[in-house]
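Visitor:
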Amino acid sequence: MRPISRFAVEGISEVDVQSELETARREDLHFSDGHILYSMCNAPQQLAIRAHQLFLEANLGDPNLYQGTKALERSVINMLLNLLNGNSSMDGAAVSGGSEANITALWMFRNLTKKRQVVLPETAHYSFNTAGNLLGMDLRYVGVDDSFRMIPEEVKQAITADTAVVVAVAGTTSHGQIDPIDRIQKICRDNRVNLHVDAAFGGMVFPFLERAGHDLPAFDFTLDGVSSMTVDPHKMGQATSPAGVLLVRDGKWFNAIKQQTYYLSVETLHSILGTRCSAGVASAYAMMRMYGRNGFTQLLQDCMRKTEILAEGIRQLGFRLAIDPIAPVACVRFDTDRTAKNAQERLAKRGWRVSRTQQPPGIRVVMMPHIPDRVIPEFLADLSNLRSSA
Ligand code: PLP
Numbered sequence: 200m201r202p203i204s205r206f207a208v209e210g211i212s213e214v215d216v217q218s219e220l221e222t223a224r225r226e227d228l229h230f231s232d233g234h235i236l237y238s239m240c241n242a243p244q245q246l247a248i249r250a251h252q253l254f255l256e257a258n259l260g261d262p263n264l265y266q267g268t269k270a271l272e273r274s275v276i277n278m279l280l281n282l283l284n285g286n287s288s289m290d291g292a293a294v295s296g297g298s299e300a301n302i303t304a305l306w307m308f309r310n311l312t313k314k315r316q317v318v319l320p321e322t323a324h325y326s327f328n329t330a331g332n333l334l335g336m337d338l339r340y341v342g343v344d345d346s347f348r349m350i351p352e353e354v355k356q357a358i359t360a361d362t363a364v365v366v367a368v369a370g371t372t373s374h375g376q377i378d379p380i381d382r383i384q385k386i387c388r389d390n391r392v393n394l395h396v397d398a399a400f401g402g403m404v405f406p407f408l409e410r411a412g413h414d415l416p417a418f419d420f421t422l423d424g425v426s427s428m429t430v431d432p433h434k435m436g437q438a439t440s441p442a443g444v445l446l447v448r449d450g451k452w453f454n455a456i457k458q459q460t461y462y463l464s465v466e467t468l469h470s471i472l473g474t475r476c477s478a479g480v481a482s483a484y485a486m487m488r489m490y491g492r493n494g495f496t497q498l499l500q501d502c503m504r505k506t507e508i509l510a511e512g513i514r515q516l517g518f519r520l521a522i523d524p525i526a527p528v529a530c531v532r533f534d535t536d537r538t539a540k541n542a543q544e545r546l547a548k549r550g551w552r553v554s555r556t557q558q559p560p561g562i563r564v565v566m567m568p569h570i571p572d573r574v575i576p577e578f579l580a581d582l583s584n585l586r587s588s589a
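When we follow this note's numbering, the leftmost residue of the sequence shown carries the number 200, and every step to the right adds one.
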C-alpha cells in the first residue's frame, strides 16, 4: 500500500476506507501463517478480542469515570499478586507492557532513594537503556555465567552507595533464562538495596511450569528481597496488546512518582501515560478467568512439549543450543554474528522469521501457543540446509 501523503479535504466512503485497511492488512505478516517464530506476542483468541472491543472507550487515565474497568484492573493485579506469591498489602498498576513497567520501576526507585545507579545483567531487555537515558540514571552492567545467568558475586561488587535498584530477569528475552534471584535478593537485602525482577515473559510462564512439575528456582515475592516485578499478560498471558503490569511490594512507593491532575476525575496519577488503553486490561482479565491456573498449565505444558521436540531436532541436526530450554525459548548457537545473521537471512528467504541473539551469536525461536506442530519439521528441514554455515 502506498502511504497517503495528504489529509484530503473530502472524506471517502466507509467501504473505500475498509478496502484500504484490508490492503494494508494483507501486507502484514500474521501469526496464523505459522512462520513468525520469534515473537513473544500472541494471536488473540475470540474472547480476548471481544473483551478488548467492549472496553475500547474506557480510559484508566481517568479512572473515576470507569469504575468497572478499574475493578478489572484491580482484579488483574490481585490475580497476578496471588499467582506470584504476593499478598494483599502489595499493589500494582496496569501499564502498556514490559518496557513501560521497567521504566516506571526505575523512575520510582530513583525518586524514592534519590540515587542514580542501576545494577543489571548484560542480558537485560533494552527498555532499561531507554529508562537510563530518560531518567539520567547510570547503568552498571554485570556479567553472566556460561548459562547466561547474572553472576551474584559481580552484583555484590557493583553495588555502591549510589545504587537505587538492582535488576534481575526471570525469563530473559534471548534464552528464557532465570537469574539466580534467591542469591541476588540476599545481597540486595544485606545492602538495603531494592530489587526489581523483570518477569515480563516469565511471570506468566514459570508459575505454570512449576505446577506442571518443572524444577525451577524461586524468582517471585516468596523472596523477601524482591521489591517489584514486571509481568506482561500480553505475552504468554494471551491478552491483547497493550497489557503489562508493574507489581510493587509497597503501594506507597507510587507516591514517589505521583503527579497532580487538575482536570481529571482524580487528584493524582502515577503513570507515565495520560490516556491509558484499558481494552488490554479487560482482555487480560478475560483470559485469566477463562483459563484459570489449570488452563494455563496445560497451555504451557504444550508449549514446552513443542519446544522440546524442536530442541531435540536441532541437536540431531548437529547444532548446539545456547542452553537446554527451561522456558519455551530455543536458541541455536552460531560461531559468529556474521554466520548467525546469514542463517537468519537464509531462513527469511524460506519464509521463516527468527530473531538473533548477541550472546552467544545465535538465532532464537519462541514457541508460543499459536505455533502449530506441523511447522516444526518444516523449519528443521530448512535449518538443516544451513548446517554447513554453523
Ligand atoms: N522485558 C523482557 C524480559 C522482554 O522480553 C520484553 C519484550 O520482549 C520486554 C521487557 C518489553 O516488553 P514490551 O515489548 O511489552 O514493552
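Note that CB positions come from ideal geometry on N, CA and C, so glycine has one too.
Grab me the residues of I350's own chain with a C-beta within less than 7 angstroms of its C-beta, minus the 5 sequence neighbours each way, in chain order.
Guide: Same-chain partners within the cutoff: V341, G342, V343 and D344.
Visitor: For A589, does the three-state DSSP call read helix, strand or coil?
Guide: Confidence in A589 is poor, its pLDDT being 45 and thus under 50, which makes the residue's placement unreliable; the coordinate value appears in the next sentence. Correct three-state label for A589: coil.
Visitor: Figure out for me which residue from R315, R348, F254 and V317 has the closest Cα to the Cα of I522.
Guide: Nearest C-alpha to I522: R348.
Visitor: I'd like to know whether the C-beta atoms of V430 and L446 end up nearer to each other than 9 angstroms.
Guide: A contact, by the Cβ cut-off of 9 angstroms.
Visitor: What three-state label does DSSP hand N393 in the structure shown?
Guide: DSSP places N393 in strand when its eight states are reduced to three.
Visitor: Among all the DSSP beta bridges, which residues are the ones paired with A398?
Guide: In DSSP, A398 forms a bridge with V430.
Visitor: Which residue marks the beginning of the beta strand (DSSP E) containing G561, and which one marks its end?
Guide: Residues G561 to V565.
Visitor: Going by beta carbon distance, what residues of the same chain come within less than 6 angstroms of I508, once the five residues before and after it are set aside?
Guide: Hits under 6 angstroms: I575.
Visitor: Confirm, please, whether the CB-CB distance from F533 to I513 is below 9 angstroms.
Guide: Contact: no.
Visitor: Near V565, what residues of its chain come up, given a Cβ to Cβ distance below 6 angstroms and the 5 sequence neighbours on each side ignored?
Guide: The answer, listed in chain order, is Y237, M239 and V528.
Visitor: For a test of the three-state rule: what should DSSP assign to S204, helix, strand or coil?
Guide: S204: coil per DSSP, three-state reduction.
Visitor: For the ligand PLP, is there a heavy atom less than 8 angstroms away from the beta-carbon of P441?
Guide: Because some heavy atom of the ligand PLP lies under 8 angstroms away, the Cβ of P441 counts as near it: yes.
Visitor: Between which two residues does the alpha helix (DSSP H) containing R249 stretch?
Guide: It spans Q245 to L253 - the alpha helix (DSSP H) in which R249 sits, taken as one unbroken run.
Visitor: Considering only C-alpha positions, which residue in the set P202, G260 and S231 is nearest to E219?
Guide: The candidate whose alpha carbon is nearest that of E219 is P202.
Visitor: Starting from P351, trace the alpha helix (DSSP H) both ways and give me its first and last residue.
Guide: Looking at the DSSP string, the run of the alpha helix (DSSP H) that includes P351 is P351 to A357.
Visitor: Check for me: the beta strand (DSSP E) holding C240 runs from which residue to which?
Guide: Premise fails: C240 is in no beta strand (DSSP E) and is neither H nor E.
Visitor: Below 8 angstroms CB to CB, which residues in the same chain sit around L520 once its five sequence neighbours on both sides are set aside?
Guide: Within the same chain, L520 has close Cβ partners A510, I513, R514, A529, C530, V531 and R532.
Visitor: Let me make sure I understand the geometry here. Which of D232, S288, K385 and E299 has the alpha-carbon closest to that of A442?
Guide: With distances taken between Cα atoms, A442 lies closest to E299.
Visitor: Three-state secondary structure (DSSP) at S583?
Guide: S583 falls in the helix class under three-state DSSP.
Visitor: In the DSSP assignment, find the alpha helix (DSSP H) that holds T312 and state where it starts and stops.
Guide: Looking at the DSSP string, the run of the alpha helix (DSSP H) that includes T312 is G297 to T312.
Visitor: May I ask you to list the residues that DSSP assigns as paired with V318?
Guide: BP columns for V318 point to R339 and V365.
Visitor: Any heavy atom of the ligand PLP closer than 8 angstroms to the beta-carbon of D378?
Guide: D378 Cβ: outside cutoff for every heavy atom of the ligand PLP.
Visitor: Please go through the stretch 423 to 487 and give each complete beta strand (DSSP E) segment of 3 or more residues, from N-terminal end onward.
Guide: Whole beta strand (DSSP E) segments, 3+ residues: 427 to 430 and 443 to 447.
Visitor: Might you give, ordered along the chain, the residues of its own chain that have their beta carbon closer than 6 angstroms to the beta carbon of T496, omitting 5 neighbours on each side?
Guide: The residues are F407, R410 and A411.
Visitor: Run through DSSP, which three-state label would I377 get?
Guide: Of the three classes helix, strand and coil, the one that applies to I377 here is strand, per DSSP.
Visitor: Measuring straight from C-alpha to C-alpha, what distance separates A526 and Q376?
Guide: Cα-Cα distance, rounded: 7 angstroms.
Visitor: Contact between the stretch 253 to 268 and the stretch 473 to 483: three or more CB pairs below 8 angstroms?
Guide: Result yes; three or more Cβ-Cβ pairs closer than 8 angstroms.
Visitor: Where does N286 fall in DSSP's three states?
Guide: Note: N286 maps to coil in three-state DSSP.
Visitor: Give me the DSSP bridge partner(s) of A529.
Guide: In the DSSP output, where bridge partners are listed per residue, A529 has V564.
Visitor: Between the alpha carbons of T556 and S373, how many angstroms are there, rounded?
Guide: Whole-angstrom Cα-Cα distance: 6 angstroms.
Visitor: Any heavy atom of the ligand PLP closer than 8 angstroms to the CB of V404?
Guide: No - the ligand PLP has no heavy atom lying nearer than 8 angstroms to the Cβ of V404.
Visitor: Between which two residues does the beta strand (DSSP E) harbouring R555 extend?
Guide: Its beta strand (DSSP E) spans residues S554 to T556.
Visitor: L319 and L334: beta carbons closer than 9 angstroms?
Guide: Their beta carbons are not under 9 angstroms apart, which means L319 does not touch L334 by this criterion.
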